[in-house]
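A short write-up of the structure that comes next.
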Amino acid sequence: MKIKRSIGEVIFDSANTLLLLLFCAAVAVPLLNVIAGSLSSNEAIIHSEVALWPVGFNLHNYEFVIKNAVFWRSFGVTVQIVLIGTAINMLLTILTSYPLSKGWLGGRKVILLFIIFTMIFQAPLVPMYILVKSFGMLNTIWSLIIPGALSAFNMMLCITFMRSLPEEMFEAARVDGMSEYRIVWRIVAPLSMPINVTLILFYAVGHWNNYLGPLLYITDRELQPLQLYLYKLISQFDMDSAGGQSVMELSSAITPQGLQMATIVIATIPIIIVYPFLQKHFIKGALLGSVKE
963 MKIKRSIGEV IFDSANTLLL LLFCAAVAVP LLNVIAGSLS SNEAIIHSEV
1013 ALWPVGFNLH NYEFVIKNAV FWRSFGVTVQ IVLIGTAINM LLTILTSYPL
1063 SKGWLGGRKV ILLFIIFTMI FQAPLVPMYI LVKSFGMLNT IWSLIIPGAL
1113 SAFNMMLCIT FMRSLPEEMF EAARVDGMSE YRIVWRIVAP LSMPINVTLI
1163 LFYAVGHWNN YLGPLLYITD RELQPLQLYL YKLISQFDMD SAGGQSVMEL
1213 SSAITPQGLQ MATIVIATIP IIIVYPFLQK HFIKGALLGS VKE
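Residue numbers (our numbering): 963 to 1255.
Okay, structure coming up:
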């Protein structure tokens, strides 16, 4: 049976729809402009003729980026950081969240209080830099992984989710002789898959977009990740990052703006490809992790 809506409800829904469409346009228009610019000719970019559709369609910018060894080296470093960092993040998050979600852990409230304290007050940059340097992690990928190995916010989400799991199931497992570690990996981890996928997405995107860490801790060109490469390419148009070509040679083939846009598009593609496969688990995990019975 169709429920008749009042005029106020119709106006409210229409206003929400219009507002959401405006938000979508605010996000989509700059992205479409970058994609169109990366596929446009030099003359169109120089004369600012590109809006939301390519002008003088060509693939020269993408050909240049694909052949650029410096770009792929930075891309490989970022992939390595994402894989290793996300694995360490999830291992520490699960092992920390499980005991903190149980009332039998002594001092649990005090530990949670200290964790919440780190969410409100974070270490300044200079002490953090000195700490990383004192451990000898400068110019290593560990400087981008270890300092943020455990996110307090993500851990709180995981704790909230694990509290919703039935305690009777864990008691039955203990009666059958399972240790706490086996309970975590055989029962808790599989049942927590929705929130785990959500946290994997959070951690992976965080590593992929990490810019401040490499800017502070990485000076070796061989170890610069993708976001630091993009920063040098966009803000300074570093010729070594561009591939080492001379300005005259570069300008005869492509424009700096076109090269920057093509690099941004290629760097964004992996996250765009991965997200649709995780969207179902992401939404389910976010909803379950936000409701406490």
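Just so you know, even glycine gets a beta-carbon here, dropped at the ideal spot from N, CA and C.
With a cutoff of 7 Å on beta-carbon distance, N1023 and L1221 are scored as near each other. Between A1151 and D975, the alpha-carbon positions lie close to 40 Å from each other. Beyond the five residues adjoining it in sequence on each side, M1223 comes within less than 8 Å, by CB distance, of V996, I997, G999, S1000 and N1023 in the same chain, given in chain order. With a threshold of 16 other beta carbon atoms within 10 Å, N1116 meets it and is buried.
DSSP, reduced to helix, strand and coil, places S976 within a helical segment of the structure shown. About 7 Å separates the beta carbon of L1087 from that of L1178, a gap short enough to meet the 8 Å contact definition. Residues of the same chain with a CB within less than 6 Å of the CB of F1037, apart from the 5 flanking positions on each side, are L1188 in chain order. Classified as buried, Q1219 has 16 or more neighbouring CB atoms from the shown chains inside 10 Å of its CB. DSSP, reduced to helix, strand and coil, places Q1084 outside both helices and strands of the structure shown, so it counts as coil.
Secondary structure at V1012: coil, using DSSP grouped into helix, strand and coil. For T1217, there is no enclosing alpha helix (DSSP H), as DSSP gives it neither H nor E. Assigned with DSSP and collapsed to three states, N1051 falls in helix. By the neighbour-count criterion, in which 16 or more other beta carbons inside 10 Å mark a residue as buried, S1010 falls on the exposed side.
Burial is judged here by how many other beta carbons sit within 10 angstroms of a residue's own beta carbon; Y1237 has fewer than 16 and is exposed.
Here L1240 is near L1163, since their CB atoms are less than 7 Å apart. Contact between I1046 and L1062 is ruled out by a C-beta separation of about 25 Å, above the 8 Å threshold.
In the structure shown, Q1186 adopts coil according to DSSP, grouped into three states.
Residue state for A1111 is assigned as coil, using DSSP reduced to three classes. Three or more beta-carbon pairs drawn from the segment 1110 to 1127 and the segment 1049 to 1062 are found closer than 8 Å, and the two stretches are therefore classed as touching.
For the pair V1044 and A1166, the CB atoms are nearer than the 7 Å cut-off.
Contact annotation: V991 and S1002 have beta-carbon atoms that are not nearer than 7 Å. Linking P1016 to A1006 through their CA atoms gives a straight-line distance of about 9 Å. Ranking L1112, G1139, S1141 and I1145 by CA distance to the CA of P1128 puts I1145 first.
For the 7 Å CB-CB criterion, F1033 and V1027 form a contact. Per DSSP, W1147 is not a residue of any alpha helix (DSSP H), being assigned neither H nor E. When the beta-carbon positions are compared, I1157 and F1132 stay at least 7 Å from each other. K1071 and T1055 have their C-alpha atoms roughly 17 Å apart. For L1100, same chain residues with a beta-carbon under 7 Å away, outside a window of 5 residues either side, are V1094 and Y1179 in chain order. Taking 7 Å as the cut-off, the beta carbon of L982 is found no closer than this to the beta carbon of L1014.
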